[in-house]
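Under this note's numbering, residues 532 to 715 are what the sequence shown spells out, in order. Beta carbons: idealized from backbone N, C-alpha and C, even for Gly.
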Amino acid sequence: MSAPHKRILVNILVTIPVAVIVLGACALAAFSVQENRHFVQSVKQITDFTDSVQGAASQQTTFAQSAGDDLWVDLQHAGRSDAKDSHANAWGGDLRAITVATQTGAVAMRVEDDVPTRDCRRLALYFVDHASANMGVLAIEAQPVDDTKWTLVYPLAMPVYERAALFACGTNAYAHLAVTFKIR
């Protein structure tokens, strides 16, 4: 084989793997951007919802008084949410919100979200990091999708939140995350 033919063959053998690597890197970057967008949308959906509930509670003393109330329905009755508002999160999972009684007897809101496991961990740690930032986070729990036991992530006696989130969210493809916020 002549030298020009060898050069062409080497160029082809080098160009194809490089092109595959570059395309793979672009695909990974696009996937990462999409996952980050879903994460940001989910955080915004939860924080906007809690702001709406806390706003309604500050204006109406009878809003969300008893444990077990569906807060989506309560917001609709208070005129703060349209019936068409989606309860689906960015991944297509369901976002549920009910009132619960705390240990002190006060009423709080529990927001439960069905999310991919890696995002369960990210969301749990996000809300741990922002728990003291006037968000009114009282507790964070998680469970793998096929489990029945909720595991506490926040507050813990020993602040090992990364390990707690990893354990609580599990290793299944999806997990349930529950964040309990103050209403008033």
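Asked	Found
Every unbroken beta strand (DSSP E) within the stretch 591-651, with a cutoff of 3 residues, ordered by chain	626-632 and 638-647
Cβ contact (3+ pairs, closer than 8 angstroms) linking the stretch 646-659 and the stretch 692-703	yes
CB contact flag (Leu-559, Val-584, <8 angstroms)	no
Cutoff 6 angstroms; reference Trp-681; Cβ partners in own chain excluding five residues on either side	Glu-672 and Gln-674
Val-564 classed as buried or exposed, judged by whether at least 16 other C-beta atoms fall within 10 angstroms	exposed
Leu-687: first and last residue of the uninterrupted alpha helix (DSSP H) it sits in	First-last for Leu-687: undefined, no H or E at that position.
Thr-630 classed as buried or exposed, judged by whether at least 16 other C-beta atoms fall within 10 angstroms	buried
Beta-carbon spacing of Val-710, Ile-547 below 8 angstroms	no
Inter-residue Cα distance where the pair is Lys-713 and Val-571	22 angstroms
Arg-715 versus Asp-605 - alpha carbon distance	15 angstroms
Enclosing beta strand (DSSP E) for Thr-702 [first to last residue]	Note, Thr-702: premise wrong, no beta strand (DSSP E); not H, not E.
Minimum C-alpha distance to Glu-716 - residue among Phe-580, Ile-539, Val-684 and Ala-621	This structure gives no information on residue 716, because the portion of the chain shown stretches from 532 to 715.
Per-residue DSSP class, three states only, for His-661	coil
Cross-strand partners of His-707 (DSSP beta bridge)	Asp-645 and Gln-674
Supposed contact pair Ala-595 and Val-638 - C-beta distance, whole angstroms, cut 8 angstroms	6 angstroms
Buried or exposed by the 16-neighbour rule on C-beta atoms within 10 Å, applied to Val-642	buried
Closest by C-alpha distance to Gly-610, when choosing among Gln-591, Ile-539 and Met-689	Gln-591
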